[in-house]
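According to mature numbering (1 follows the signal peptide of the UniProt record, and there is no 0), the stretch in the sequence shown is residues -19 to -1, 1 to 1030, in order.
Each residue gets a CB set at the ideal place from its N, CA and C atoms; glycine is no exception.
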Amino acid sequence: MALWIWTLSILSCFCITLSRNEELKFFQSATELNHLTVDNDTGIIYLGVVNALYQLTENLDVIRSVETGPRKDNKKCTPPIDENQCKEAVLTDNYNKLLLLNKADKTIVVCGSLFKGICAIRDLEDISNEKYYVDSSGEKSFVASNDENVSTVGLITSLNNDRVLFVGKGNGPNDNGIIISTRQLYERDGKDIFEMYTDSAAVKSAYHSSSTQQFVAVFEDKNYVYFIFNQQEKQPVNNRTLIARLCKDDAHYYSYFEMDLGCKDDDGAYDHCHSAYVTTPGEELAESMAQQRQTTDALSDDKVLLALFSKVNKDNGSLKSAMCVFSLRHINEKMEKNRNDCYTKKNTSSFYKLFAAENPCASHGLNASKNFPCGSEHLPYLLGSKNGVIEKPVLQKEGMNLTAVTVAVENGHTVAFLGTSDGKILKVFLSSTATEYSSLTIELNKPIKNDLVLDQTQENLYVMTTDKVHRLPVQDCHKYSDCEKCTQARDPYCGWCVREGRCTKKADCGTADKENHWLWSPGGTCMTIISADPLNMSRKAPAKVELTVSPLPTLTESDQVLCTFGETTHYAQLKKGVIICDPPDIIPPTPKGQDNFFSFVIDHVSVPLQLTFGKNKIFFASHTYPFYDCEEAMNLFENQPCYSCASNRWNCQWDWKRHICEESSSIQDVIKQNMEEECPQFLNPNPPIIPMEYRTTVYFEGRHLVYYRGKKFVVGNSQFEFEAPVDESDEGKFSFMSKEFSYSANETLQLNLSIRTDKVKIDSKLMVTLYNCSYGRSDCSLCLAAHRDYKCVWCEEDGKPSKCVYEKLCHAPPTNTCPHPEITRIEPKTGPLNGGILLTIMGSNLGIKAEDVKNITVADKECLFKEEFYSVSTRIVCQVGPMNEPKQGQIEVNINGKLGKSPNEVLFTYQKPHPSGIRPESGPQAGGTTLTISGTNLATGSKKDVQVSVGSQPCNVTEFGDEIVCITGPNSKVEAVEVTMDYGGMAVSVPKLFSYSENPTVTKFLPVNSFSSGGRNITVTGTGFELIQSFSLVVYAERPEAGKLNLKR
């Protein structure tokens, strides 16, 4: 593939990785990072990278560095390297394979990939001081794998009062076949440092011939050492994740036992483990796991193993990752059951012995596993079982690998930090469920390395990418400015410190030990005023308000709670369970006008009420308190003053004699709250629908009108400047004559009518609907389809244009049948020979209902009517049938026996599309190529009728015309594929193939820095750029200070 160079200009473009302004401290290495460990006593960081070691402060400043490579070496040669004997030796990079602290001796064990994986011991305080290094001891000193792609894990612990090194490593093509071993860290009994503790303290021999291993983790608990590794079995091909256990003081590996460690969901097993971590869980997680295992206690001595797995879908290549949580006690119980089953020869089919073909199990007595907890020479050893432990995932991710995990416990809450293959750190709260509460991008698309380590304070996380170590705080509670934001974060580290008015860790809140003074973030609760007594007040009679707050912190008079009510601030009174506030000195006036959202008259004013602590006015809780105004309440509903007053939520009453709404009192001859049905009122207009342009008599009723007996009423509507006297026929029976209302903007209009007498309004529920037969009914079919209550007719009067009118406005006999249908337009105008596409026919008088459509033909070929798309009189949709050869013809419809044929200029054409070529003829495997297809008759049918496929992947059509343009989808492999077009079910192949090629890659870019104002050219070098149709560049902006990344939103 060609090497391409592009030059671009920076236009001050910044891409942000974190969601806030902050500086994220980092250290950058010139070579790839391998391992990181922290001395929890001093906080010093030790970093192993390709060809170097670093000793860093907790702030990632360099204390010392040591060069460890490159050196002349060859993987096949035995050190020390003599170039006369090893002529193939070349300068070779030294990958750090182990970096382990031996605190007892204040030393650090360092193993590299050079010289068959031999190790050195260095001074913990000064890594440049090499205390032990021997390269001439031969195979007994070959500890780590000398293959940079094969992992090595190690653990320093005690064995029989000695400090030893447990090592697990896979086998590269030039390794020594030792997979697990115990190594000396002191000279003893004639044995050298790093020699095996005993000759049998190893798992070795031909084990790697039938399978290969990649070690993931090693850890100890009580008297055991555990290894976790992936195993690729060759015959048959099978991926397994295994956990192996042996007793620490077992110098002969009699106790070695391995079994499957499974993580499985409904779609199958996750067969590859990427990282694992063992810890003592917080109380909440421990209790949850105890409940799941149906035990009576939380198993305080139980530890949990968190393991990250992945699997690839064999059908579509999609990637899925998961985290499973295992009880270490459950793992041990399963191992003991398996050992007992093997020693008593029960269910032995799942057992095997390493390096041997025969089944190892035999009867050794019922108590053999208990009597020999670390095995024995007379018992089968180096045992394995395919019957292991299986858990369901607690967290799943798609399209990425979970690559690293570590765990912290804060106030009994368990938090997991997970690294991902696309450069993110996920924060996950573990309890009865796993809740991901935060995701931070550290370096986009740069995988997080396996060594994810907390600092000595447990306050910061060291995160490794390819060449950088980042220092990331485990929490940033301080960034949440109020309680709501603090609780919405759902961060188990955080809580709202009530008395101090800030989001903090519990340890940083001075009154956290008091009830409800520190509100835990995942609890999701802030202090809220949940009720007020009274609920509201008349602005004319203000009084004290009792507030109920939940959750209510423990308060005393010395806490000095203040009530700021409107513009007035007073000290609150504290009463058991409630806080009492004085009313404001001044209540703002009730706003005039209507509410913009709900369109009703405003009848109250909402006054803000805020509770604060002391002189600094630390916010506590807030509320909006309503002061109502009965005088405004009577205007809530148009034309209904009494109903508005008596039915509203305030404590108001209607004085019908004085025609006013006032605060409730002991007066009896009034209409009290919730007695709105007793209001004097007019209602039930008949007819409820009246035509435009025609005077109509409207009848209606009146109720509770004793006080108004003998008075004259006037009906009116301000919109139409209409007023008319009201006639009374019998008691409670009224009527009026409407005017000829004229309104052409809509088909119907709601008309609210008011009733007044002596210049005051009486409640009127008179609402009628005005309707206009002519609106939207331009032809006969549309007219006759109108609702029968409207009484519309198609009127054909001599000398006047035909139109749709109210029946009494037509002075000729109404038309019962409509003219022949007319076709004015069709969409689309073309279609494929096999038919199958939908044709839309537009015109007039195309029927009153779908049942009126009897038959449709297109170019003399029957077209199947699609009733669901029918629109009265104006639109018919049908599916065209197949045609043997290209043809053009008219469209004909049969509407209840009346035929309508399209004019000569409205024709449908059957035609066959002929694609002839594509451009471009290749594109990246990731998809996204804009593909143009050329040919003849490609604009057959419409855009929605054509589908394009490139190989098996759909190509999204974006342009339809003489040429078809589509966007290619991703393809699983590099290959040349056929391009096919589908027109309503008819497939047509493009004679040219489209080639999916390898995705473009960027190998380097120069320069690597720029002025902050931008404008500098960047030269990008890479491969496959000829495939790219459009290009954009994203720039990450870094501060000029060394080791600090400036991240701005």
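Item                                                                                                                                                                         : Value
Cβ of Y235 within 8 Å of Cβ of S357?                                                                                                                                         : yes
Can you grab the Cα-Cα spacing for the pair D576 / H255, in whole Å?                                                                                                         : Since pLDDT at D576 reaches only 49, below the 50 mark, its modelled position is unreliable, and the value read off the structure follows with that caveat. If you take the alpha carbons of D576 and H255, they lie about 60 Å apart.
Taking 6 Å as the limit between beta carbons, can you name the residues of its chain near H551, skipping five residues before and five after?                                : C544 and D563
By a C-beta neighbour count over all protein chains shown, 10 Å radius and 16 as the cutoff for buried, is K292 buried or exposed?                                           : buried
Let me check one thing: in DSSP terms, what residues is R144 bridge-paired to?                                                                                               : S139
Tell me G881's beta-bridge partners as DSSP assigns them.                                                                                                                    : V874
Specify the secondary structure class of K746 as computed by DSSP and reduced to three states.                                                                               : strand
Do the region 429 to 442 and the region 361 to 371 meet, that is, are 3 or more Cβ pairs less than 8 Å apart?                                                                : no
When DSSP builds the beta bridges, which residues end up paired with residue 1057?                                                                                           : Summary: the structure shown does not reach residue 1057, with the chain confined to residues -19 through 1030, and so no result is reported for it.
Report the start-end ranges of each beta strand (DSSP E) in the region 536 to 623 that is 3 residues or longer and not cut off at the edges.                                 : 542 to 546, 549 to 552, 554 to 556, 559 to 562, 585 to 594 and 599 to 609
Need the endpoints of the beta strand (DSSP E) that residue 1031 sits in, please.                                                                                            : Missing from the structure shown is residue 1031; the chain here goes from -19 to 1030 and no further.
Exposed or buried, Y461, counting other C-beta atoms within 10 Å across all chains shown (16 or more means buried)?                                                          : buried
Using only CA atoms, which one of I652, T49 and R144 lies nearest to S109?                                                                                                   : T49
Quick one: Cα of T911 to Cα of D296, how far?                                                                                                                                : 27 Å
When we look at the beta-carbon of L80 and count the other beta-carbons within 10 Å, is it buried (16 or more) or exposed?                                                   : buried
Look at the alpha carbon of S1013 and the alpha carbon of E902, and state the distance between them as a whole number of angstroms.                                          : 22 Å
Does the separation of the CB atoms of residue 1033 and Y251 fall below 8 Å?                                                                                                 : The question about residue 1033 has no answer here: the residues shown for the chain are numbered -19 through 1030.
Take L433 as the anchor and find which of E832, V388 and A840 has the nearest alpha-carbon.                                                                                  : V388
May I have the straight-line CA-CA distance separating G12 from L453, to the nearest angstrom?                                                                               : Before going further, note that residue 12 is Thr rather than Gly in the sequence given. C-alpha separation (whole angstroms): 22 Å.
Quick one: residues in its chain with C-beta nearer than 7 Å to the C-beta of Q1010, no 5 flanking neighbours on either side, listed in chain order?                         : T910 and T911
With DSSP collapsed to three states, give me the class of S(-1).                                                                                                             : Unreliable positioning characterises S(-1) in this predicted model, as indicated by a pLDDT of 41, which lies under 50. A coordinate reading is not provided.
Can you give me the C-alpha to C-alpha distance between T232 and R164, rounded to a whole angstrom?                                                                          : According to the sequence displayed, residue 232 carries Ala and not Thr. Distance between the alpha carbons of A232 and R164 is about 10 Å.
Is the CB-CB distance between I822 and I807 below 8 Å?                                                                                                                       : yes
Would E176 and K229 be called neighbours here (beta carbons separated by less than 8 Å)?                                                                                     : no
Which residues in the same chain as D202 place their Cβ atom closer than 8 Å to its Cβ, once the five residues preceding and following it in sequence are excluded?          : V259, K284 and L309
When burial is assigned at 16 or more other CB atoms within 10 Å of the CB, is H604 buried or exposed?                                                                       : buried
Work out the CA separation of G476 and T485 for me, nearest whole Å.                                                                                                         : 6 Å
Spell out a yes or no on whether the region 71 to 85 and the region 26 to 40 are touching, meaning 3 or more CB-CB pairs, one atom from each, closer than 8 Å.               : yes
Taking all protein chains shown into account, do 16 or more other C-beta atoms lie within 10 angstroms of the C-beta of I511, making it buried, or fewer, making it exposed? : exposed
At 4 residues or longer, and completely inside the region 319 to 382: list those alpha helix (DSSP H) runs for me, N to C.                                                   : 349 to 352
Would you say V874 and G812 are within 8 Å of each other, going by their C-beta atoms?                                                                                       : no
Please name the residue in L516, F600, T537 and G870 whose C-alpha comes closest to that of residue 1031.                                                                    : This structure gives no information on residue 1031, because the portion of the chain shown stretches from -19 to 1030.
Should D170 be labelled buried (16 or more other beta-carbon atoms within 10 Å of its own) or exposed?                                                                       : exposed
Please report the straight-line C-alpha distance between P669 and L734, rounded to a whole angstrom.                                                                         : 12 Å
Just list the residues that DSSP pairs D841 with in beta bridges.                                                                                                            : For D841, which the question treats as bridged, DSSP gives no partner whatsoever.
So, is T73 buried or exposed, given that buried needs 16 or more other C-beta atoms within 10 angstroms?                                                                     : buried
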